[in-house]
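Numbering (the numbering used here), first residue to last: 1 to 335.
All residues carry an ideal CB built from backbone N, CA and C; glycine is no exception.
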Ligand SMILES: [Zn+2]
């Protein structure tokens, strides 16, 4: 059974390719953080190596070893901390050494099964050397090997890498699909499942983390509080936040995007409340605060702020100066 929630089109196309023996030598799974890219990649690895009739069964020794990260033909490469050349700071990236080691491994025959799978998690964080080196592997794909790149921010990948992969874009799933999955598969109560499904922006991984880890929910709440309070802050407070986000952007672009998208949900909820559609809001746990805040802003101020946040997200994706873009956004916050 494919463990992925939703993403039916992608799963069906992969199943067909598997059945016809026409799997691509390289895939790019793109989509926001926690949308299910890793789960899909692991399930594909299981489907390729499963020992049962109905692949992937999730139960056989092979499927189990893959799920626990112990299968010798399935390798996951992720970001590791490396010192920059000047030795002054530590950067988290996928290094040339990691790619070279992978290239050595794929030059050997698979050990356990007959197919090897390499998953590169956070592929957009490959160093330039690593990316160029990987390009060579993609140009001359090794036999019996599938390479899967996972990227939340695919705009950072070399276009030559993207063009050599079959690109599959995973999209956030509707609240109803996620609520049902949380109730049926994870045994979450109805009301809590509904709240988590709304809060996770269609990305089930976040909700699952929140079930096991109250901190994720608390962290989100903390971020939201500080963003909401900016409406009351003066220019210097707002610019301090812009500077802090710009620094963060240099280290981890996805987390800043996530923060802005979180803020966007607040303003979108305000718009819904203002228009009398309170039942569709994301932040169900902040209903009262939203009611109060909605009364303080005009419709045009709320829509203006939604537009500004969206534009800022877009500008950051197009490599605008982060500090400047964020400062402009801070000035747009209505009082
Ligand atoms: Zn199996």
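Check	Outcome
Could you please give the first and the last residue of the uninterrupted alpha helix (DSSP H) stretch that includes residue 121?	Segment 116-121 is the beta strand (DSSP E) holding residue 121; no alpha helix (DSSP H) there.
With ligand 1 as the reference, list in chain order each residue whose Cβ lies under 7 Å from any of its heavy atoms.	46, 50, 51, 52, 55, 56, 57, 58, 59, 60, 62 and 63
Inspect the beta-carbon positions of residue 106 and residue 118 and report whether they are closer than 9 Å.	yes
Please report the straight-line C-alpha distance between residue 5 and residue 198, rounded to a whole angstrom.	15 Å
Just to confirm before moving on: does the CB-CB distance between residue 182 and residue 211 stay below 9 Å?	yes
Roughly how many angstroms lie between the CA atoms of residue 322 and residue 316, to the nearest whole one?	6 Å
What are the boundary residues of the alpha helix (DSSP H) that includes residue 271?	253-274
If we count the other Cβ atoms within 10 Å of its Cβ and call it buried at 16 or more, is residue 122 buried or exposed?	buried
Report the rounded CA-to-CA distance for residue 225 versus residue 275, giving the unit in angstroms.	23 Å
What first and last residue would you give for the alpha helix (DSSP H) that runs through residue 10?	8-20
Which whole runs of the beta strand (DSSP E) in the region 53-110 are 3 residues long or more, in chain order?	74-77, 80-83 and 90-93
Looking only at its own chain, which residues have a Cβ that is under 8 Å from the Cβ of residue 164, when we skip the five neighbours before and after it?	26, 135, 138 and 139
If you follow the alpha helix (DSSP H) that residue 315 is part of, which residue opens it and which one closes it?	299-317
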